[in-house]
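Protein sequence lines, in the order shown, are assigned to chains U and Y. Using the numbering used here, you'd call the opening residue of the first sequence number 20 and step up by one each time. Using the numbering used here, you'd call the opening residue of the second sequence number 20 and step up by one each time. Cβ atoms here follow ideal geometry from the backbone N, Cα and C, with glycine treated the same way.
Number of protein chains: 2
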Amino acid sequence: MTTGTPDVRVRLDLSYDGTDFSGWAVQPRLRTVQGVVEEGLARIVRGHRPRLTVAGRTDAGVHASGQVAHLDLTASAWAALPGRSVRTPEAAFVDRLGGVLPGDVLVRRASLAPEGFDARFSAVERRYSYRVSDRPETRDPLTRRTVLWAKNPLDLALLTEASDALTGLRDFAAFCRSREGSTTIRTLLEFSWRREDRGPDAGLVVATVRADAFCHSMVRSLVGAVLAVGEGRRDLCWLMEVAESPRRTPRISVAAPHGLTLEEVVYPPDNEVASRAESTRARRALD
Amino acid sequence: MTTGTPDVRVRLDLSYDGTDFSGWAVQPRLRTVQGVVEEGLARIVRGHRPRLTVAGRTDAGVHASGQVAHLDLTASAWAALPGRSVRTPEAAFVDRLGGVLPGDVLVRRASLAPEGFDARFSAVERRYSYRVSDRPETRDPLTRRTVLWAKNPLDLALLTEASDALTGLRDFAAFCRSREGSTTIRTLLEFSWRREDRGPDAGLVVATVRADAFCHSMVRSLVGAVLAVGEGRRDLCWLMEVAESPRRTPRISVAAPHGLTLEEVVYPPDNEVASRAESTRARRALD
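Here it is as structure tokens:
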């Protein structure tokens, strides 16, 4: 970066169809969302090779409707963005990225981040959805990339009972791929299921999963375990037993990635994003 | 077909993602829905190479959620379909086709057609939808295959005024690719626009187009003409003038295929399908 120029932090709101991506995070020789967007950024911002920090590192095949990331630019690079037809750097950023990114990833919005904002550490909540078709008549080739086609009908009462049992503050070690020294204690704020009655999702069973943060593979493990109960293959007793496992257990099948979409990342008011980032970092450092 | 065996007519209800198909109708060396489904049928029905008759011959890139087709089989081939695990020919048909068809086309239902049923000529109504995103924040990579991304915001009042002016019984020659000797008089039962307020289509502008039947390229020409008014590029005067053109006019831009979906084909009660088919055939013969 140009020395002596103060940085600006830019918040990006983005969406992607995860089907043809090997997940968010950059990996050598693989097509990843981070890799594709960072390449696009390098083409529109002169002299920069910006790095993205993301709120939710989605796995291969997982989609995002409301993903959030940030990057740092020099103030001069930011100010140089507008052209003749587009007046603000914010609009120019979205416009130019749209011109260079492929159709399966879209930056919806670029904005100057408030002081102390960190896409990952300032977040107070992540919300995911998981879509399942459990009846032949609700299968649809047009939504096959975002909907799991279950073989057996789902019992909504069983799904609800099972997911209720997992909600709240607890150790989710049984549902997390282990990472040395990091905590698996999380607050699962919501884990609910409904059968949609209208619109393009009509007839589908849709889960909403909200937590302050998720550890690796946690959402898909939670969904996989509860689907086993909802399909009648397992009972609540089994779920309570496997949920107590002190580490990730092969008894829980991870649900397929394509049913999962990161819908929203929630941040506190602007004047609290800095302190939230600080307290999250401090907690993670303790792990 | 085996001689001496009475035929059965099978109705198929099917859906497809039109993105990777060169339309419905079989064409040499091109991947078409009809071609792919007929190949699948040949694999599951012994000794047959069944031909499909369809309600709506969709163009390349157009989708279908509620397409209907029929085929004829010998009664013995139909009766031979069930296997050990699937008891009825209807269920066996869907199950086996599901095993051989690719992911972008799905036969949802197979059923014995009522006496005199013809997927094309018995139909009394076809319903299409057309989806448009006219605001950057409603663009979504996950729905990019079924939603047109318009450059300019749409005025719902103008769209409604324009489409109202085209509704009813009239000669749609201006909107139809000409076919020697066939009528272009149709009854446009509904042509309405709404902005969705919830669900996966939230924020999108969606047209509903219903008619007894459509001539070739008619739905996309109607949508293209009305979008020009809704975007403010043309006015109602212009629309009224081009609509009077005695033949297809290049002044009307055909809307892109990917926003269009055949949602439903409506048939009369079972005891009327035969007479409806007869009267449609007679009318077409007059042309």
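Mind listing which residues of the region 107-128 of chain U have their C-beta closer than 8 Å to chain Y's C-betas, in chain order? Within the region 107-128 of chain U, those residues whose Cβ lies closer than 8 Å to any Cβ of chain Y are, in chain order, V113, G122, D123, V124, L125, R127 and R128.
Could you have a look at G23 (chain Y) and say whether DSSP puts it in helix, strand or coil? Per-residue confidence for G23 (chain Y) stands at a pLDDT of 45, beneath the threshold of 50, marking its modelled position as unreliable; the derived number appears in the next sentence. The answer is coil: DSSP assigns G23 (chain Y) none of H, G, I, E or B.
Between the region 149-174 of chain Y and chain U, which residues of the former have CB atoms less than 7 Å from a CB of the latter, in chain order? Against chain U - using a Cβ distance shorter than 7 Å - the residues of the region 149-174 of chain Y are P155, E156, R158, D159, P160, L161, R163 and T165.
Identify the residues that DSSP records as bridge partners of I271 (chain Y): which are they? The partner list for I271 (chain Y) (beta bridge, DSSP) is empty, contrary to what the question assumes.
DSSP-derived helix/strand/coil call for W97 (chain Y): helix
Evaluate S182 (chain U) with the Cβ neighbour count: other Cβ atoms within 10 Å of its Cβ, from every protein chain shown; 16 or more gives buried, anything less gives exposed. buried
Residues in its own chain within less than 6 Å of A129 (chain U) by CB, not counting five upstream and five downstream? The answer, listed in chain order, is V29, L31, E109, F112 and V113.
What did DSSP end up calling S201 (chain Y) once you bin it into helix, strand or coil? coil
Verify the CB distance criterion: does D78 (chain U) have a CB-CB separation below 8 Å to chain Y? No - not a single Cβ of chain Y is within 8 Å of the one on D78 (chain U).
Check the C-beta distance from E282 (chain Y) over to Y147 (chain Y) and give it rounded, since I have them as a contact under 8 Å. Correct: roughly 6 Å between the Cβ atoms.
Of all the residues that make up the region 271-304 of chain U, which are near chain Y by a beta-carbon distance shorter than 9 Å? T280
V238 (chain Y) versus G222 (chain Y): straight-line alpha-carbon distance, rounded: Distance from the CA of V238 (chain Y) to the CA of G222 (chain Y), rounded to the nearest whole angstrom, comes to 22 Å.
At a Cβ cut of 8 Å, what residues of the region 204-219 of chain U count as close to chain Y, listed as they run along the chain? E215, R217, G218 and P219
Tell me which same chain residues have a C-beta within less than 7 Å of the C-beta of P172 (chain Y), skipping the five on either side of it? D153 and R154
Less than 8 Å between the beta carbons of C234 (chain Y) and R205 (chain Y), yes or no? yes
Cα-Cα, which of Y:A232, Y:P265 and Y:D91 is closest to D26 (chain Y)? Y:D91
Given a cut-off of 8 Å on the beta-carbon distance, is the pair R214 (chain Y) and V228 (chain Y) in contact? no
Tell me which residues share the same chain as S240 (chain U) and place their Cβ nearer than 6 Å to its Cβ, disregarding the 5 neighbours each side in the sequence. Setting aside the 5 residues that flank it on each side, S240 (chain U) is surrounded in the same chain by F194, I271 and V273, each with a C-beta closer than 6 Å to its C-beta; the list follows chain order.
Are the CB atoms of Q53 (chain Y) and V45 (chain Y) within a distance shorter than 8 Å? yes
From what residue to what residue does the alpha helix (DSSP H) around A129 (chain U) run? For A129 (chain U), there is no enclosing alpha helix (DSSP H); the residue is found in the beta strand (DSSP E) stretching over V124 to L131.
Neighbour-count burial assignment, G122 (chain U), 16 or more Cβ in a 10 Å radius: exposed
Just verifying my parser: in three-state terms, what is the DSSP assignment at Q53 (chain Y)? Q53 (chain Y) falls in the helix class under three-state DSSP.
What did DSSP end up calling F194 (chain Y) once you bin it into helix, strand or coil? Per DSSP, reduced to three states, the secondary structure at F194 (chain Y) is helical.
Identify each residue in the region 70-103 of chain U for which the Cβ-Cβ distance to at least one residue of chain Y is less than 8 Å, and report them in chain order. Listed by position, the residues of the region 70-103 of chain U near chain Y (Cβ gap below 8 Å) are H82 and S84.
Please name the residues in the region 23-38 of chain Y whose beta-carbon is closer than 8 Å to at least one beta-carbon of chain U, in chain order. S34, Y35 and D36
Look at the Cβ atom of D137 (chain U), then the Cβ atom of G251 (chain U), and state whether they are nearer than 8 Å. No, the pair does not count as a contact, with Cβ atoms beyond the cut-off.
Take A232 (chain Y) and list the residues in its own chain whose beta-carbon comes closer than 7 Å to its own, dropping the five residues that flank it on each side. R145 and R205
Measuring CB to CB, does A176 (chain U) end up less than 8 Å from V151 (chain U)? no
Given R76 (chain Y), which residues of its chain have a CB within under 6 Å of its CB, disregarding the five upstream and five downstream residues? If we look at R76 (chain Y) and ignore the five residues flanking it on each side, its Cβ neighbours are W43 and A44.
Assigned exposure category for S84 (chain U) - 16 Cβ within 10 Å defines buried: buried
Just to confirm before moving on: does the CB-CB distance between R50 (chain U) and D39 (chain U) stay below 8 Å? In contact: R50 (chain U) and D39 (chain U) (Cβ atoms closer than 8 Å).
Just tell me which of Y:P219, Y:T179, Y:A88 and Y:L71 has its CA closest to the CA of E57 (chain Y). Y:L71
Work out the CA separation of A247 (chain U) and W309 (chain U) for me, nearest whole Å. In the structure as shown, chain U starts at 20 and stops at 306, and residue 309 (chain U) therefore has no counterpart that could be examined.
Provide the residue span of the alpha helix (DSSP H) that contains A244 (chain U), from first to last. M237 to G249
Identify every residue that forms a DSSP beta bridge with Q86 (chain U). U:L33
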